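Residue numbers (my numbering): 342 to 1193.
Worksheet: one structure, shown below.
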Amino acid sequence: MAEENEKRYDPSAIEPKWQALWASDPKMYAAEPASCGKPKYYVLEMLPYPSGQLHMGHVRNYSIGDALARHQWMRGYNVMHPMGWDAFGLPAENAALKNNTPPREWTLSNIAAMKRQMERLGLGYDWACEVTTCLPEYYRWNQWFFLRMYEKGLVYRKKSKVNWCPECATVLANEQVVDGCCWRHETTQVDQRDLVQWFFRITAYAQELLDGLDKLEGWPEKVRTMQRNWIGRSEGTEVDFFLEEQGSGVRDQGSEKTRIRVFTTRVDTIFGATSVQLAPQHALVAEFTATDPKLKTQVDELLEQQKKAREAGDLGAIEKHGVPTGRFAVNPYNGARVPIWVANYILADYGTGAIMSVPAHDERDFEFATKYNLPIVQVIKPVDPAMSQVLPFCSEEGSLINSCEYDRLSCAEAQKKLQEIAVRGYFGEPKVTFRLKDWGVSRQRFWGTPIPIIHCEKCGLVPVPDEQLPVVLPAQIEITQQGGSPLSRVPEFVNVACPKCGGAAKRETDTMDTFVDSSWYFYRYTDAKNAKAPFDPKTAQYWFPIDQYIGGVEHAILHLIYSRFWTKVMRDLGLIVNDEPARRLFTQGMVIKDGAKMSKSKGNVVSPDEMIGKYGADATRMYALFAAPPDRDLDWQEDGVAGVSRFLGRVWRLTTKYAPWIRRTKGEKGSILLLHSDPQNVLPDAEPRLRRKLHQTIAKITQDFEGRWHFNTCVAAIMELVNLVQSADCSMASGGVSDAVITEIMENLTLLLAPFAPFLAAELWEELGEEEPILRTPWPVSDPELAKEDELEIPVQINGKLVEVVRVAADADVKAIEAAALAGEKIQARTAGKTIVKRIVVPGKLVNLVVK
Ligand SMILES: [Zn+2]
Ligand SMILES: [Zn+2]
């Protein structure tokens, strides 16, 4: 490379220049109204919690989204690419405790700091639709939705056992309990407490949430599977066993207490039931223990074991214990008497809190019956005779035996038949159960959306009238570590006139789970300033569903189920017409360092600011895309960032070297620098080879943006292209490549870089004499004729083993390929004196010779 071109690539000069230009032109990244006539594209990255610092996971997430947004702008789409802040939550309260900074101030200053980092990274967001969830103009709509859902019966209050984190001093949703500990405090054990809580009736949508997954083909299969499991649908039958009166046959069948309703997915095995088992909390158990102090002590022990297992987070692994109650139940199908047990592994909140135990055909029941010596009666004969001696036999591939007149029915037939009989006899019915529970949204925290309900002694629960919204959080509050809601200690907030009777009343002091905020924020982006409604339905209809949502797989169940639920509720309120929020979902891998997740405690955190300072934002972003496929974990290596930075330096030197020449071909007058040429290094066929590589690269990157998203290989392809251009440098400089082709190469290289290294691309675009912003320049189109290889490599096998690779013209026919294969040097040596009995030619792919 010529000495006079050894200028230095200096991102610290280039990047601030463009940051300032972009900041002064908000239209650059602004979404246009529907009337613009372009097709729309809504690309969205999950909004961050404003901790004050972006981490590398954010950088990766946003680099993917920003590359896609920029590509779509260049493809001519009307792009919506917004950003906002999931700004409520506990850390602000902790910070208030620690530094005595009010949560609002702390949060807003963190937002400002992170926004500066995002601008430094060159992320193309439309800040006109920024959403900050902790501001009243946003959370008033959480309250508005709460009231609409309350009116529809989708919000209710009930006393329930809740997960309580002593550290957070608040209730956690089941999803926020990980292995018995708090999701934020990984070593803090979660307790169970009884509290009156507000719930969203998400179970009303359980079936639709499940069915909808089948249609979400643009979502990763693993996310859909996780949601299916979380919803946990099982089909079965509820059947009543009858309680036998002590000493004297069946009790009066009219009264409630005579029935023990069990849920089973295998009613076909009911003739094999050898006990009925109750959860320790079951209502009948209290009745039994009332007159039996010994049984009471035993049941209390079972309860304690269950509580411990629940706290340890592993109910499935509980060591199974049970006690017989001395009572009996009667099988409604054949009148058989079976003993009633209480067992620690039966859960009051699953199914009916009672099961029938069929040891011959259920693992868990088999284990229990073996331990306590209960009878084991086989009632299913396997189809496969080899299985007939193996118990428990849990498959449904069999037919009934020992089951009275139902013998020989298949399991499926028997299930249907026995359900019909239960319905006809009024002792049972088909039943679908879900593992999904209603969403407990009450939090005893300050920094969240106040629940818009007033408690009046006279009128009961009174919704805050719409015109009194928002219920605003008090500005001054003392955050302490006392339990309970901080709002309950602010009399000006709590004491209020009842909207109905005008008497003295009290505000609800619970605030909403912050997952409420993130359940619908992406609708607000489309109409962020609306003061009359959460958003304009027409505008939302234009933008929704989101075309591409990008975020971490850790949100596969919480956020992504809640926001699907919210979408369905809004649809039923008539606000939107889409059933699902996002057409496509992409979950990027984690950023790790030295094999572990970056964390302060491990001391392996790499700060984005440090990387940008050393190598520039372009190199940092491009490395985040290049170092691993986007869906895999990325092990951060600073050497790699340095390497990308050196590569960008090469592109910069190469382009700026030819830029004056190119500008002159476009008519610019003025001097032109001397280009060196060294005839020794001239690349033969430089022009067709350069164009072929260029058009192949355009085709590859365009295809990747359409769905494969192998951005790491896209960056690698650009690197290969640059390598070839460098090797053709002498040909280009000495007139071996036409001015038009040099221009084509340099311009398109710059366009291809634009989604990945936006600052450098903008700078080079200007160097090349272009005045229109690169973002408004159409994405290059690959010419398939130019991209076509003129020669192909064909592997030649002898008896299925690769022997030689020969080159043939890309359009060679079978005969020509065969001739080329037979002419191969190694092939000739190996076939000399032998007979070729068969020649298999797959055009464009391979040749196989069968030789004897
Ligand atoms: Zn906690
Ligand atoms: Zn009242």
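Glycine included, each C-beta is placed from N, C-alpha and C at the ideal position.
As the structure is a computational prediction, the values presented were derived from the model and not from experiment.
Do the region 533-541 and the region 482-498 make contact, defined as three or more Cβ pairs closer than 8 Å?
yes
May I have the straight-line CA-CA distance separating A965 from Q978, to the nearest angstrom?
10 Å
With 16 other CB atoms within 10 Å as the buried threshold, where does G595 fall?
Low confidence applies here, because G595 scores a pLDDT of 48, under 50, leaving its location unreliable; read the following figure in that light. Label assigned to G595: exposed.
Can you tell me which of the three DSSP states G590 falls into?
In this prediction, G590 scores a pLDDT of 49, lower than 50, which makes its location untrustworthy; no coordinate-derived value is stated.
Could you tell me whether any non-hydrogen atom of ligand 1 is closer than 8 Å to the CB of H662?
no
Below 8 Å, is the gap between the Cβ of C522 and the nearest heavy atom of ligand 2?
no
Hey, quick one: how far does the alpha helix (DSSP H) through S904 stretch, first residue to last?
L899 to D913
With W788 as the anchor, note down where its alpha helix (DSSP H) starts and where it stops.
Unbroken run through W788: none, as it is neither H nor E.
From the DSSP secondary-structure annotation, give me the bridge partner or partners of I696.
Q618
Under a Cβ-count criterion, where at least 16 other Cβ atoms within 10 Å of its own Cβ denotes burial, should V492 be classed as buried or exposed?
Before going on, a small fix: residue 492 reads as Glu here, not Val. Exposed: under 16 other Cβ atoms inside 10 Å.
Would you list, in sequence order, the uninterrupted beta strand (DSSP E) runs of no fewer than 3 residues that lie entirely inside the region 652-724?
Annotation note: the region 652-724 contains the following uninterrupted beta strand (DSSP E) runs of length 3 or greater, listed N- to C-terminal: 663-671, 678-684, 695-698 and 721-723.
Would the beta-carbon of V835 be found less than 8 Å away from any heavy atom of ligand 2?
no
On a Cα-Cα basis, can you pick out the residue from S1079, L1093, S1075 and W1050 that is closest to V1063?
L1093
Between which residues of its own chain and V1183 is the CB-CB distance below 7 Å, once the five residues before and five after are set aside?
Excluding sequence neighbours, V1183 sits near nothing in its chain.
Pairing CB atoms from the region 438-450 with CB atoms from the region 810-826, are three or more of them under 8 Å?
Yes, since at least three Cβ pairs between the region 438-450 and the region 810-826 fall closer than 8 Å, the two stretches touch.
Can you check whether the CB of D1124 is closer than 9 Å to the CB of P1029?
no
Could you pull out every residue in the same chain whose Cβ sits closer than 6 Å to the Cβ of V384, ignoring the five residues on either side in sequence?
G406, L409, A410, H422 and Q889
Can you tell me the Cα-Cα spacing of E356 and N504, whole angstroms?
49 Å
Answer with buried or exposed for C842, where buried requires no fewer than 16 other C-beta atoms within 10 angstroms of its C-beta.
exposed
Confirm the yes/no value for this check: CB of K799, any heavy atom of ligand 2, distance under 8 Å.
yes
Cutting at 7 Å between CB atoms, please list the residues of its own chain near T961, excluding the five before and the five after it.
V400, P949, M952, I953 and V982
Three or more beta-carbon pairs under 8 Å between the region 874-890 and the region 795-815, yes or no?
The region 874-890, when compared against the region 795-815, does not touch it at the 8 Å Cβ threshold.
If you drop the 5 nearest sequence neighbours on each side, which residues of the same chain put their C-beta closer than 6 Å to that of G393?
N451 and A454
Just to check, is the beta-carbon of E841 closer than 8 Å to a non-hydrogen atom of ligand 2?
At residue 841 the sequence reads Lys, which differs from the Glu that was named. Yes, since a heavy atom of ligand 2 falls inside the 8 Å radius drawn around the Cβ of K841.
Using three-state DSSP, classify M421 as helix, strand or coil.
strand
Is I721 buried or exposed, if buried means 16 or more other CB atoms sit within 10 Å of its CB?
Counting every other CB atom within 10 Å of its CB across the protein chains shown gives I721 a total of 16 or more, marking it as buried.
Sort out for me which residues DSSP pairs F541 with in a bridge.
V496 and W780
Hey, would you say C745 sits closer than 9 Å to D609, going by beta carbons?
The criterion of a C-beta distance shorter than 9 Å is not satisfied by C745 and D609.
With contact counted as at least three CB pairs below 8 Å, one residue from each stretch, are the region 507-525 and the region 552-567 in contact?
Cβ pair count under 8 Å is below three, so no.
Go through its chain and collect everything with a Cβ distance to V764's Cβ below 6 Å, but skip five positions before and after it.
E770
Would you grab the beta carbon distance between P1099 and G463 for me? Rounded to a whole angstrom, and I think it's under 8 Å.
5 Å
Please identify the residue among A1153, N1140, G1185 and I659 whose C-alpha is closest to the C-alpha of I1168.
N1140
Where does F834 fall in DSSP's three states?
helix
Are there three or more Cβ pairs, one per stretch, closer than 8 Å when the region 620-629 is compared with the region 710-717?
no
Tell me which residues share the same chain as N1232 and place their Cβ nearer than 7 Å to its Cβ, disregarding the 5 neighbours each side in the sequence.
Coverage of the chain is limited to positions 342 through 1193, which leaves residue 1232 absent and any answer about it impossible.
Identify whether G595 lies in helix, strand or coil by the three-state DSSP scheme.
Here the model assigns G595 a pLDDT of 48, short of 50, so the residue's position is not dependable and the matter cannot be decided.
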